[in-house]
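So the sequence shown is numbered by our numbering: it starts at 314 and just counts up by one. Quick reminder that beta carbons are idealized off the backbone N, C-alpha and C, glycines included. Note that the structure is a prediction, hence the values are computed from the model and not measured.
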Amino acid sequence: MAKAAVYLPKPVEFGRGQNDSVWIQFETAAGQRCSLTWPGDIKEAASFAQAVNAIPGLVDALKAIRADVRDPDTDTAISGASGEKLDDALAAMRVRP
314 MAKAAVYLPK PVEFGRGQND SVWIQFETAA GQRCSLTWPG DIKEAASFAQ AVNAIPGLVD
374 ALKAIRADVR DPDTDTAISG ASGEKLDDAL AAMRVRP
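This is how it looks when you write it as structure tokens:
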């Protein structure tokens with residue numbers, strides 16, 4: 314079975330409701346808004362939203378680093394072990410290195 318493409322909701326938002334509950338909200342791949350009650354506090358919701366919102370930029374940075382390392386005209390080198398970790402990080406996001 315083929316793996317589905319990774320969809321990262323943009324942006325993940327958070328807040329506090331009138332009843333003092335904490336919520337997380339994001340858009341699905343189909344363009345629908347999804348909101349749920351966060352089981353933790355507002356700081357945890359903020360950390361979660363920040364982490365998820367950062368993933369696309371991190372993937373772009375990893376891809377750029379990998380491209381520089383593979384470019385024969387670039388004086389960039391990393392160890393084999395670091396290269397494997399870089400490839401593993403990209404693979405974890407289902408991005409082909």
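Judged by DSSP secondary structure, Gly393 falls within the alpha helix (DSSP H) whose first and last residues are 393-405. In the three-state DSSP reduction, Gln338 falls in the strand class (E or B). Secondary structure at Gly370: helix, using DSSP grouped into helix, strand and coil.
Assigned with DSSP and collapsed to three states, Arg379 falls in helix. Between the stretch 401-408 and the stretch 362-378, the count of C-beta pairs closer than 8 Å reaches three or more; the two stretches touch. For Gly328, the enclosing beta strand (DSSP E) stretches over residues 326-329.
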